[in-house]
Amino acid sequence: MLSEREDNFRGLAVKLFEIGAIKFGDFKMKVGVNSPVYLDLRVIVSFPDVMTTVVNLIDDIIKEHNIQYKHVCGVPYMALPVATLVAMKNKQPMLVRRKEPKSYGTKKIIEGKFNAGEKCLVIEDVTSSGSSILETTRDLRAEGLVVSDAIVMVEREQGAILNSKKNGMNLIPIFTLSHLLKLLQEAEKIDEKIVESVKKFINSCQIHDDGTLVDPSRNFVNELSRTTMSFEARSELAQAPLAKKLFNIMIIKQSNLCVAADLSKADHILNIADICGPYICILKTHCDIIEDFSENFIQSLQMLSKKHNFLIMEDRKFADIGNTVYLQYTQGLYKISKWADIVTVHALPGQSILQGLKTNLDQPEKRGVFLLAEMSSQGNLINEKYKEATIKLATDSNDSDFVAGIVCQTSDCFSFPGLIQLTPGVRIENSHDDLGQQYQSPEDVVKIKGADIGVVGRGIYEAKCIDKACILYRDRLWAAYCDRIESNH
Ligand code: S5P
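First residue of the sequence shown: 5, per the working numbering; consecutive thereafter.
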């Protein structure tokens, strides 16, 4: 039987994973190395149950280690709410350290009432080198306070405990990263490969308290980079239920082909859907070009999607304010939200567009979006800054569980393995059309441009023999994906 305390640890570890406070993938660190793990405890303020568990576990540590203190001080900013709750729980006073001294008046850096010689406990959210704790400690000590203990929620084991000790600080974590990994693996949230990649990272990336690497000559290669991982492993890291579903279809059908059925007659689309159905993971529509759109057509299309196990993507490229996209998605002639598993969306209006689309959805977990971060048309106006903001929306916003993937053209557009890259503009021969569309071969889009799914329109529906063309694209795109992950093992 697990003790109640162990149960709390396990429950908290799983919850941290589920709310995205711990993520696995490919993340740039301050020290210039790419880390396979990212801790973002900022999100916990939105989860009172998590805050309560954290505060109780900190209180347990205080009692167990018999830590004596008069004041509690959180390292700004993210540990402040937790430090407040810890102080209030034990009815003890707090101190607040400013990040910058006041530029007027008292020029104080430590706020609160205290006397020199009193003890202060420091609280932090995440440590890697421990330098933030040491900065706060230095300022508290400069005021005459006695500081020797700090409690951290997650210790990344990259040097903080040693660096703290050297500075006369005893650092006690709720979780070490290894403990978190163990609990997540036991709960089957992550697999052996992820655990091993993170352990290699911890071993080779130890940091001094000045933020420099202990051994810069050690060449660390992150094994969790998106384009080298299998769809199976990536599916575990996906935040959006729809991304998991799509990964699963791709794996079962061994297909990363999306057919763009850009045809204006309903019968033609149904014909393509039935012929291509067995070989594709997504059928993509533009419903506003269909002349005889009807409920019957949608019913037939949905039957085919069930029969052949593919998802329907309406390439609507929504781009308006939240309320308008909500209406465009759910009302009018097309009632897209009723039948499209996925829709494409421009990030231009910001987060409100995702909120608008999610409004009043019956089962939001059954729907998802692909955000457009790049376009295949010559001369498009998207720039680097816009691209970065789009990826931030997909990975860092409250609505990231609704974003299944990114429509883009290059592998360095995003690195999070839980998102799927969809790349249009695919044809057997690299070429272009007369209206600015630029094509690349299946091998180039997958191996060079990082596509997980290739979109083929005219290359298939204008072919003399549609099923043969479809099989050819399916085989070439899938072989390119297999080559891509194998060449990295
Ligand atoms: O950047 C883009 C984004 C999209 S979704 N470039 C694109 O071409 N698309 C879509 O992919 C486009 O709307 C069309 O449905 C499909 C490409 O069709 P093809 O006939 O050129 O293969």
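Ideal placement from N, C-alpha and C gives every residue a C-beta, glycine not left out. Predicted model only: the values in this text are computed from it and were never measured.
Check: Report the three-state DSSP secondary structure of N38 (helix, strand or coil).; Outcome: strand
Check: Identify the continuous alpha helix (DSSP H) that holds R230 and give its terminal residues.; Outcome: Where R230 is concerned, there is no enclosing alpha helix (DSSP H), given that its DSSP letter is neither H nor E.
Check: Identify, in the order they occur along the chain, each residue of the same chain with its Cβ nearer than 8 Å to the Cβ of I357, setting aside the five sequence neighbours on each side.; Outcome: F322, A323, D324, I325, G326, V329, V349, H350 and A351
Check: How many Å lie between V202 and E22 at the Cα?; Outcome: 18 Å
Check: Please name the residue, chosen from K112, I62 and Q306, that lies closest to A146 on a Cα-to-Cα basis.; Outcome: K112
Check: Can you list, in chain order, the residues of its chain with a C-beta nearer than 6 Å to that of Y333? Leave out the 5 residues immediately preceding and following it.; Outcome: I340, S341 and L361
Check: Going by the C-beta, is A83 closer than 6 Å to any heavy atom of ligand 1?; Outcome: no
Check: Going by beta-carbon coordinates alone, are D44 and A25 separated by less than 7 Å?; Outcome: yes
Check: By how many angstroms is the C-alpha of S135 removed from the C-alpha of G215?; Outcome: 7 Å
Check: Let me make sure I understand the geometry here. Which of R101, Q162 and A473 has the alpha-carbon closest to that of V35?; Outcome: Q162
Check: Out of I489, K19, D219 and C280, point me to the one whose CA is closest to F314's CA.; Outcome: C280
Check: Quick one: grab the DSSP three-state call for T88.; Outcome: helix
Check: Among I432, V37, L188 and N402, whose alpha-carbon lies nearest the alpha-carbon of G15?; Outcome: L188
Check: Report yes if the CB atom of L89 is closer than 7 Å to the CB atom of V130, and no otherwise.; Outcome: no
Check: Measure the alpha-carbon distance for Y91 versus M254 and round it to whole angstroms.; Outcome: This sequence places Ala at residue 91; Tyr is not what is there. Cα to Cα, the separation comes out at about 51 Å.
Check: Is the beta carbon of K103 sitting closer than 7 Å to the one on P80?; Outcome: yes
Check: DSSP state of N402, grouped into three classes?; Outcome: coil
Check: For E447, I'd like the list of residues in its chain whose CB is within less than 6 Å of its CB, leaving aside the five on either flank, ordered along the chain.; Outcome: A484
Check: At a cut-off of 6 Å, is P245 close to ligand 1 when judged by its beta-carbon and the heavy atoms of the ligand?; Outcome: no
Check: With a floor of 3 residues, list each beta strand (DSSP E) that falls wholly inside the region 310-374, ordered by position along the chain.; Outcome: 315-322 and 346-350
Check: So, helix, strand or coil for T141, using DSSP?; Outcome: helix
Check: What are the boundary residues of the beta strand (DSSP E) that includes D64?; Outcome: First-last for D64: P52 to E68, but that is the alpha helix (DSSP H), not the beta strand (DSSP E).
Check: Within its chain, find whatever has a CB closer than 6 Å to the CB of T399; leave out the 5 residues flanking it on each side and keep chain order.; Outcome: F420
Check: Sort out for me which residues DSSP pairs C262 with in a bridge.; Outcome: I286 and V459
Check: As a quick exercise: from F118, L138 and A120, pick the residue whose alpha carbon is nearest that of I127.; Outcome: L138
Check: When you compare each of T427, W343, D153 and I178 to K169 by their alpha carbons, which one comes out closest?; Outcome: D153
Check: Relative to the alpha-carbon of I464, which residue among I457, Y477, A455 and D456 has its alpha-carbon at the smallest distance?; Outcome: Y477
Check: Please confirm whether any heavy atom of ligand 1 lies closer than 6 Å to the CB of Q441.; Outcome: yes
Check: Just to confirm my understanding: we take S259, look at its own chain, exclude 5 residues before and 5 after, and list those with CB closer than 7 Å. What are they?; Outcome: Y283, I284, C285, R478 and W482
Check: May I ask you to verify whether the region 426-435 touches the region 205-212, counting CB pairs closer than 8 Å and requiring at least 3?; Outcome: no
Check: Please list the segments of the beta strand (DSSP E) lying wholly inside the region 387-451, counting only runs of 3 or more residues, in order along the chain.; Outcome: 407-411 and 424-428
Check: Considering only C-alpha positions, which residue in the set Q335, D319, A344 and L337 is nearest to K310?; Outcome: A344
Check: Which whole-angstrom value describes the C-beta separation of G461 and D271, a residue pair presumed to lie in contact below a C-beta threshold of 8 Å?; Outcome: 18 Å between Cβ atoms; not a contact.
Check: Going by C-alpha distance, which of N384, K389 and V347 is nearest F374?; Outcome: V347
Check: My assumption, with CB atoms under 8 Å, is that L426 sits in contact with G409. Please give the rounded CB distance.; Outcome: 6 Å
Check: So, is T56 buried or exposed, given that buried needs 16 or more other C-beta atoms within 10 angstroms?; Outcome: exposed
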